[in-house]
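Residue numbers (the working numbering): 45 to 336.
We treat Cβ as the ideally placed atom computed from N, Cα and C, and that holds for glycine.
Fair warning: this is a prediction, and the values are worked out from it, not measured in the lab.
Taking it in order: structure first as structure tokens, then the write-up.
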Amino acid sequence: METEKAYVTSKGFISVSGIDSPDFLQNIISNDIKKVTDNNCIFASLLTPQGKLLFEFIILKREKSYLIECNEELTEDLFNKLNSYILRSKVEIKVETNLTSIDIPFLKFKELNFNNLNLINYKNYLIFEDPRVKNTLARAVIEQSKIKDFLNDLNIEASNEKYLFEGKLFKLGIPSKNINKLQNQIFSLEANFQELNGIDPKKGCYIGQENTARMNLKNKVNKRLFAIKIISGEVKEDQKITLNNEEIGKIIIDGQFPFAIIKINKENKNSLMSKELKTETSAIEVNLPNWL
45 METEKAYVTS KGFISVSGID SPDFLQNIIS NDIKKVTDNN CIFASLLTPQ GKLLFEFIIL
105 KREKSYLIEC NEELTEDLFN KLNSYILRSK VEIKVETNLT SIDIPFLKFK ELNFNNLNLI
165 NYKNYLIFED PRVKNTLARA VIEQSKIKDF LNDLNIEASN EKYLFEGKLF KLGIPSKNIN
225 KLQNQIFSLE ANFQELNGID PKKGCYIGQE NTARMNLKNK VNKRLFAIKI ISGEVKEDQK
285 ITLNNEEIGK IIIDGQFPFA IIKINKENKN SLMSKELKTE TSAIEVNLPN WL
């Protein structure tokens, strides 16, 4: 994996501006919009009223607007969902088709980030640390016409390796491909959003907050989303996962970067990680990330 090269990611961007934009976002997202400043970005989500995942994204501040970095294939759906909540709010929501997101070596970000900030403006490029897992990933928000200039300014070579960025996230236990298969399927806490800094339990009301807070308070999260390592065979979506012939989960995302929802608790977590699990067509292992 070409970790010392830059990679143009498959991310989309939506801007939210207007006098009511802070309150508008605060009332619907799972994290605290007040944390978003010129020097800090956040990971957040939009949930169903029951607390299940609809959309995930990173929010940055750009001049007088908020900039949402989301999964490219879901950009239009997220745009439409945000618009459905406007009502009388004085906000403008726009898909920013001229922007792209470039994954850069984290060491390069550290070289540029003299003040140890989460978000920096370097030569008018917004460069930020991914807020989900600290000290691992960094990206830049670039106008598509300026990609070559950006790479030259930072003296970074572009990678042609397919799915380089997705592979980095997969190793960290974070899904980034076929995210649509998670929509309405799992709760935000099952998707590890608390551990990934995507939920602020102190911020107050947002869509899905009541059930999310109840699950967290009563410790009712007995399933988790994990990246899957295939030992042999091939996994397929919706296949049951078994351990000693007992069903303990199922495959949610198949393909090159598979993920599964697995029953887990404090008692069986460590022992489960060392076990060979089965599906109908494969032998697999769970990848337990160090942040969990």
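Quick check on the DSSP output: the alpha helix (DSSP H) that includes residue i runs from which residue to which?
i    : result
R258 : Q253 to L261
F99  : Counting along the chain, F99 falls outside any alpha helix (DSSP H), though it belongs to the beta strand (DSSP E) covering L97 to R106.
I191 : I191 to L198
L216 : Looking at the DSSP string, L216 is not in any alpha helix (DSSP H), and its letter there is neither H nor E.
K264 : Note, K264: premise wrong, no alpha helix (DSSP H); not H, not E.
D64  : No alpha helix (DSSP H) holds D64; DSSP gives it neither H nor E.
T47  : Counting along the chain, T47 falls outside any alpha helix (DSSP H), and DSSP gives it neither H nor E.
F123 : T119 to S128
What do you reckon, are the CB atoms on residue i and residue j nearer than 9 Å?
i    : j    : result
L111 : I58  : yes
V28  : L126 : Residue 28 lies beyond the stretch modelled for the chain, which goes from 45 to 336, so this question has no answer here.
P175 : N241 : yes
L131 : L90  : no
N142 : S189 : yes
G62  : N255 : no
K247 : D76  : yes
Q283 : E329 : no
K134 : D64  : yes
For residue i, write down the residues that DSSP places opposite it in a beta bridge.
i    : result
N84  : T81
F303 : A271 and I297
I72  : For I72, which the question treats as bridged, DSSP gives no partner whatsoever.
G56  : C114
F172 : L163 and R183
F351 : Because residue 351 is not part of the residues shown, which for the chain are 45 to 336, the question remains open.
L91  : L97
G277 : S326
E290 : L287
Counting along the chain, where does the beta strand (DSSP E) carrying residue i start and finish?
i    : result
S109 : S109 to N115
E329 : S326 to N331
L287 : K284 to L287
T144 : L143 to I148
K319 : Element bounds for K319: n/a, residue is neither H nor E.
E201 : Here E201 belongs to no beta strand (DSSP E), and DSSP marks it neither H nor E.
K138 : E136 to V139
With a cut-off of 8 Å on the beta carbons, I'd call residue i and residue j a contact; round off their distance for me.
i    : j    : result
I296 : L226 : 6 Å
R268 : I308 : 5 Å
I200 : V52  : Actually they do not touch by this definition, with Cβ atoms about 12 Å apart.
V279 : S326 : 5 Å
L97  : S232 : 6 Å
Q238 : N260 : 7 Å
D298 : E281 : 5 Å
I186 : Y166 : I186 to Y166, Cβ: 11 Å. No contact.
Which residues in the same chain as residue i place their Cβ atom closer than 7 Å to its Cβ, once the five residues preceding and following it in sequence are excluded?
i    : result
A304 : F270, I272, I285, G293, K294, I295 and I296
L216 : V177, T180 and P333
A184 : I146, I148, Y169, L170, I171 and F194
Going by beta carbon distance, what residues of the same chain come within less than 6 Å of residue i, once the five residues before and after it are set aside?
i    : result
E173 : N162 and A182
E48  : P149
Y129 : I72
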